[in-house]
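Everything in the sequence shown is counted per my numbering, starting at 1248 for the first residue and increasing by one. Just so you know, even glycine gets a beta-carbon here, dropped at the ideal spot from N, CA and C. These numbers come from a predicted model, not from an experiment. Read the structure below first, then the notes.
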Amino acid sequence: MIRLQKANFHAKSIYDIDPTFLVKLERKVVLIDLDNTLSVYNVMVPSAQTFNLISELKELGLTPIIISNNKEKRVKTYCSQLQVKFLPSTHKPFTKRIKNFLKGLGIDLKDTILIGDQILTDLKLGRKLGSLTILTEPLSKKDQWTTKFNRLIDRPLRKRYFKKNMLGREATKRKVEVI
């Protein structure tokens, strides 16, 4: 049986979240899942939108760290362009690697927010770490083969979470600029 883990907040996409909302949560570090949260899984170059988001987070005094179950080559290629710290092959939802990584950086787990698109890996990891969690929708319906099994469980779980009001409050949205 899968033990349900309530999200603190939800958003359609990481790009819909107002970065000042993250500051108001009084956490210093934003752990961001890479594949289908920050970028589509097979994209090796960050978009202008991604560069802008990371830049905004840094300007607001937040530390973005990208975490992924994907291999080092993919994660390093992507993250080195953004000039952010990253941890590949995290083995989410297991906590050992991420705890050791954060401890090595001198980061207290109470200072973290985790943003991800999967209930079984990201949300569960965030809850086990004691992080605030923001669950997003996947950016793409396409997944790498290793994630497809999780999605078979994730889709009905999301419906159940919605019915039981377990998606958390909606994260404050960005204001749309009218030109």
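If you reduce the DSSP assignment to three classes, tell me which class residue i lands in.
i, result
"Lys-1271", "helix"
"Val-1322", "helix"
"Gln-1296", "helix"
"Ser-1260", "coil"
"Asp-1265", "coil"
"Thr-1368", "helix"
"Phe-1333", "strand"
"Ser-1327", "helix"
"Ile-1354", "coil"
"Leu-1285", "coil"
"Leu-1309", "coil"
"Lys-1229", "For residue 1229 there is no data in the structure shown, the boundaries of the chain being 1248 and 1426."
Taking the alpha carbon of residue i as the reference point, which residue from the options has its own alpha carbon closest?
i, options, result
"Lys-1357", "Gly-1363, Arg-1374, Lys-1343 and Leu-1370", "Arg-1374"
"Glu-1384", "Asn-1255, Lys-1253 and Ile-1261", "Ile-1261"
"Ile-1279", "Ala-1418, Leu-1382 and Lys-1406", "Leu-1382"
"Glu-1273", "Lys-1420, Arg-1405 and Ser-1378", "Ser-1378"
"Cys-1326", "Leu-1285, Leu-1309, Lys-1371 and Lys-1406", "Leu-1285"
"Lys-1389", "Leu-1372, Asp-1364, Leu-1370 and Lys-1323", "Asp-1364"
"Leu-1300", "Phe-1341, Thr-1337, Val-1331 and Asn-1397", "Val-1331"
"Lys-1323", "Val-1290, Lys-1339, Leu-1376 and Asp-1401", "Val-1290"
"Leu-1269", "Asn-1397, Lys-1320, Ile-1400 and Thr-1359", "Thr-1359"
"Pro-1311", "Lys-1318, Leu-1281 and Leu-1404", "Leu-1281"
"Lys-1315", "Phe-1298, Leu-1361, Leu-1404 and Glu-1303", "Per the sequence shown, the amino acid found at residue 1315 is Ser instead of Lys. Minimum Cα distance to Ser-1315 is reached at Leu-1361."
Can you pull the DSSP bridge partners for residue i?
i, result
"Leu-1304", "DSSP, once it has assigned bridges, lists no residue as partnering Leu-1304."
"Leu-1379", "Ile-1360"
"Ile-1384", "A quick correction: the sequence has Glu, not Ile, at residue 1384. BP columns for Glu-1384 are empty, so no partner."
"Arg-1416", "Phe-1256"
"Ile-1279", "Ile-1313 and Ile-1362"
In its own chain, which residues sit with a C-beta less than 6 Å from the C-beta of residue i, not counting the 5 before and 5 after it?
i, result
"Leu-1386", "Asn-1283 and Val-1287"
"Phe-1256", "Ile-1381, Gly-1415, Arg-1416 and Ala-1418"
"Pro-1340", "Thr-1368, Lys-1371 and Leu-1372"
"Leu-1307", "Pro-1266 and Val-1270"
Does residue i pass the burial test, meaning 16 or more other C-beta atoms within 10 Å, or should it be called exposed?
i, result
"Gln-1457", "What the structure shows of the chain is the stretch from 1248 to 1426, and residue 1457 is not part of that stretch, so it cannot be assessed."
"Phe-1333", "buried"
"Leu-1352", "exposed"
"Val-1276", "buried"
Answer yes or no: the CB of residue i versus the heavy atoms of the ligand ATP, is any distance below 7 Å?
i, result
"Leu-1272", "Among the ligands in the structure shown, none appear at all, so the ligand ATP cannot be discussed."
Leaving aside the five residues before and after residue i along the sequence, list all residues of the same chain whose C-beta is less than 8 Å from its C-beta, in chain order.
i, result
"Arg-1344", "Leu-1334, Ser-1336, Thr-1337 and His-1338"
Excluding five sequence neighbours on each side, which residues of the same chain lie with their C-beta closer than 7 Å to the C-beta of residue i?
i, result
"Phe-1348", "Leu-1334"
"Gln-1328", "Val-1292 and Pro-1293"
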